[in-house]
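Participant: Numbering (UniProt numbering), first residue to last: 1 to 272.
Just so it is clear, CB atoms sit at the ideal spot from N, CA and C, and this is done for glycine as well.
1) For residue 79, which three-state DSSP category applies?
2) Run the CB neighbour count on residue 52, radius 10 Å, all protein chains shown included, and call it buried at 16 or more, exposed below.
3) Among the residues of its own chain, which have a CB less than 7 Å from the CB of residue 170, if the five just before and after it don't count?
4) DSSP three-state label for residue 49, please.
5) For residue 205, collect the residues of the same chain with a Cβ closer than 7 Å to its Cβ; drop the 5 residues on either side in sequence, then sort them by chain order.
6) Enumerate in chain order the residues of its own chain whose CB-to-CB distance from residue 37 is below 7 Å, with the five nearest sequence positions on each side excluded.
7) Going by C-alpha to C-alpha distance, which of 46, 226, 100, 25 sits closest to residue 62?
8) Taking residue 142 as the reference, which of 113, 29, 17, 16 has the closest Cα?
9) State whether the region 232-243 contacts the region 64-84, with contact taken as three or more CB pairs (one from each stretch) at a distance under 8 Å.
10) Could you give the DSSP three-state label for residue 63: helix, strand or coil?
11) For the candidate residues 35, 91, 86, 42, whose alpha-carbon lies nearest to that of residue 12?
12) So residue 207 is in the alpha helix (DSSP H); what residue range does that whole segment cover?
13) Could you check if residue 125 is buried or exposed, using at least 16 other CB atoms within 10 Å of its CB as the buried criterion?
14) Suppose the cutoff is 8 Å on Cβ atoms and the five residues either side in sequence are ignored; what does the same chain contact list for residue 159 look like?
15) Starting from residue 239, follow the alpha helix (DSSP H) in both directions and report where the run begins and ends.
16) With which residues is residue 306 paired in a DSSP beta bridge?
17) Should residue 1 go down as buried or exposed, given a rule of 16 or more other Cβ atoms within 10 Å for buried?
18) Is residue 41 near residue 221, with beta carbons less than 9 Å apart?
19) Assign residue 181 to buried or exposed, taking buried as 16 or more other Cβ atoms, counted over all protein chains shown, within 10 Å of its Cβ.
20) Using three-state DSSP, classify residue 135 as helix, strand or coil.
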């Protein structure tokens, strides 16, 4: 029988909200590294990507994956895939409490085992400031590891008046070529992130947001520079390798999915 995490009590959700507020005070929304200020990112040599993949119909068995790629070559320098048991359920707006502990552990193992391969920035499959409380998984991971982090989401998280309505679809249609963008400005007047057409071969945008120690403009430029397909290569490789690790561990063709609201995505998306 497939594993399913029990929904958390209301008191737990309130505690999580307080933790997000506490950690959120430490988010840095500007560039902190010299390489970030260079038009060609001179000095950037290693970009990390993280992802969790799950066995379909099983919310508690997952593979946490961290990869480090060379920049700009996008060759895999390091990978760490581990099966983990996830006890927290998926609750919209609280993905970090489900997944970040395993990703922090992966970063710590890398620091201990191969410190020379420590990534200079992490691309995270999820949101950063584009979040109901302005503290998504990319912010959470960034603050806890003190690494520059960028949120890269495949679907729009509807918050602050940002909705997938006809206006939003019209804005997407206005993205004519790779590199085109439009700001995700909510009813608060704050730019929560940026929609980016990352590939000429796919009209579906990515939703980029600041995680930690990077400004939005730099985040968008870096994500675009890491894209061979629609999905930036560090996240794409983390996803591919975590799925393959599960298959090898189980010696089974069981379907594998990603986390949270992305759980229905098809593998073909990794190549579009």
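Facilitator: According to the structure shown:
1) Three-state result, residue 79: strand.
2) Residue 52 counts as buried, since no fewer than 16 other beta carbons sit within 10 angstroms of its beta carbon.
3) Hits under 7 Å: none found.
4) Strand.
5) 172, 175, 195, 196, 197
6) Within the same chain, Cβ atoms closer than 7 Å to the Cβ of residue 37 are found at 31, the five residues on either side in sequence being excluded.
7) 100
8) 29
9) yes
10) Correct three-state label for residue 63: strand.
11) Answer by Cα proximity: 91.
12) Unbroken run through residue 207 is the beta strand (DSSP E), 206-212; no alpha helix (DSSP H).
13) buried
14) 130, 131, 132, 186, 192
15) 233-250
16) As displayed, the chain neither begins before 1 nor continues past 272, which places residue 306 out of reach and without an answer.
17) With a pLDDT of only 42 at residue 1, under 50, the local geometry of the prediction cannot be trusted, and no value is derived from it.
18) Closer than 9 Å, so yes.
19) buried
20) coil
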